[in-house]
Amino acid sequence: MFEGIEAVAFDIDGTLYPQWALYIRMPFYILKNFGFYRYFRKVRHVMHRTAPLADFYEYQARIYAEASGVDLETARRDIDQISYRGLEKFFKKIKPFPHAREAIEQMKAAGLKIGILSDFPPDQKGDIWGIRPLADVCMGSEDAGALKPSKYPFGVLAHKLGVPAEKILYVGNSVFCDVRGAHNAGMKTAYILTGIKKLFNKKLPEADISFRNYRELQDMVLNGSAIK
0 MFEGIEAVAF DIDGTLYPQW ALYIRMPFYI LKNFGFYRYF RKVRHVMHRT APLADFYEYQ
60 ARIYAEASGV DLETARRDID QISYRGLEKF FKKIKPFPHA REAIEQMKAA GLKIGILSDF
120 PPDQKGDIWG IRPLADVCMG SEDAGALKPS KYPFGVLAHK LGVPAEKILY VGNSVFCDVR
180 GAHNAGMKTA YILTGIKKLF NKKLPEADIS FRNYRELQDM VLNGSAIK
């Protein structure tokens, strides 16, 4: 087993399923709500660099309201109905990466705690293709008051898991949010290779583990093979 690890935690978007599987289903939805996304993208950029907040959702709505010129109540409604609840339908037809659930089951069976930490509400994805029931902790960083790469949501995750940060392996697809965020919080990191990086097995120097598929990750975590 990867030395000293007591828990493995996962991002969702782009990590447990391929990001393109969502994007190819959304062109008409994006066009329909272009005015919303025009401002919300900028708002999330700000929120990724904001310190932990007592009420993340309220502050996010206020920034959106100021940027778009709508009233606060409209901002709250639009964010909830378009960005949160509005995307639920797309996930019903998306499949996870091959062998993701099986690999996590094996890690769980080996005695590792399992966590999920996502920048969007996990409830948006239902039971996360059968993976959520395996998780000891499943949380959204927004509920912790700050988006990744803030160290704060990673710290909350570690506290809820009851495992020191240095004994957690965090798995993600974003260098900025997942790898750097988890590393700065004191965790080990695993980076899923996609696209050209996967084709040429181009490992990410910043991550402790780079993997091409979930069987490979399972082998690295449980058998300690091919670990940097």
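Taking numbering that gives the first Met the number 0, the leading residue of the sequence shown gets 0, the next gets one more, and so forth.
Glycine is no exception: its CB is placed at the ideal position from the N, C-alpha and C atoms.
Note that the structure is a prediction, hence the values are computed from the model and not measured.
Helix, strand or coil for F199, going by three-state DSSP, please let me know.
coil
Taking C-beta to C-beta, are F90 and K124 nearer than 8 Å?
Yes, the Cβ-Cβ distance between F90 and K124 is below 8 Å.
Using beta-carbon positions only, say whether D77 and F35 come within less than 8 Å of one another.
yes
What does the Cβ neighbour count give for K227, buried or exposed, with the cut at 16 atoms within 10 Å?
Confidence at K227 is low in this model, with a pLDDT of 44, below 50, so its placement is unreliable and the value that follows should be read with caution. Flag for K227 reads exposed.
Quick one: grab the DSSP three-state call for I113.
strand
Just the Cα atoms here: how many angstroms apart are H182 and R24?
33 Å
Given that a residue counts as buried once 16 or more other Cβ atoms are within 10 Å of its Cβ, and exposed if not, what is F175?
Answer is exposed; the Cβ neighbour count stays below 16.
Determine which residues share a DSSP beta bridge with V170 and list them.
F9, A189
Tell me which residues share the same chain as Q59 and place their Cβ nearer than 7 Å to its Cβ, disregarding the 5 neighbours each side in the sequence.
V42, M46, I78
What do you reckon, is the C-beta of A50 under 7 Å from a heavy atom of the ligand ATP?
This structure lacks the ligand ATP; in fact it carries no ligand of any kind.
Taking the beta carbon of Q217 as the centre, do at least 16 other beta carbons fall within 10 Å, making it buried, or is it exposed?
Buried is the call here.
To which residues of the same chain is L15 closer than 8 Å at the C-beta, ignoring the five residues directly before and after it?
F9, P95, F96, A99, I127, W128, I130
With a cut-off of 8 Å, does the C-beta of E215 fall near any C-beta of chain D?
In the displayed structure, chain D is absent; only one protein chain is listed.
Let me check understanding here. Comparing Cα to Cα, which of G110, G85, Y56, K202 lies closest to E72?
Y56
Close-in-space but distant-in-sequence residues of the same chain around T49 (CB under 6 Å, 5 per side omitted):
Apart from sequence neighbours up to five positions away, no residue of its chain approaches T49 with a beta-carbon distance below 6 Å.
Check this for me: beta carbons of A6 and V162, under 8 Å apart or not?
yes
Rounded C-beta distance between A189 and A206? I'm assuming under 8 Å.
6 Å
C-alpha distance - A225 paired with C137, whole-angstrom precision
Here the model assigns A225 a pLDDT of 46, short of 50, so the residue's position is not dependable, and the following value carries that caveat. Straight-line Cα distance between these residues: approximately 28 Å.
Go through its chain and collect everything with a Cβ distance to H44's Cβ below 8 Å, but skip five positions before and after it.
The answer is none, since no qualifying residue turns up.
In whole angstroms, what separates the C-alpha of L221 from that of I113?
Within the model, the alpha-carbon separation for L221 versus I113 is close to 14 Å.
Enumerate in chain order the residues of its own chain whose CB-to-CB distance from F81 is below 7 Å, with the five nearest sequence positions on each side excluded.
In the sequence as presented, Phe is not what sits at residue 81; that position holds Ile. Counting only Cβ-Cβ distances below 7 Å, and skipping sequence neighbours, we find N32, F35.
Could you give the distance in angstroms between the alpha-carbon of I11 and the alpha-carbon of L168?
Near 15 Å, if we compare the C-alpha coordinates of L168 and I11.
To test your reading of the DSSP string, which unbroken beta strand (DSSP E) runs of 3 or more residues are found completely within the stretch 14 to 64?
The qualifying runs do not exist here; there are none.
Beta-carbon separation (whole angstroms), P121 vs G139, contact threshold 8 Å
6 Å
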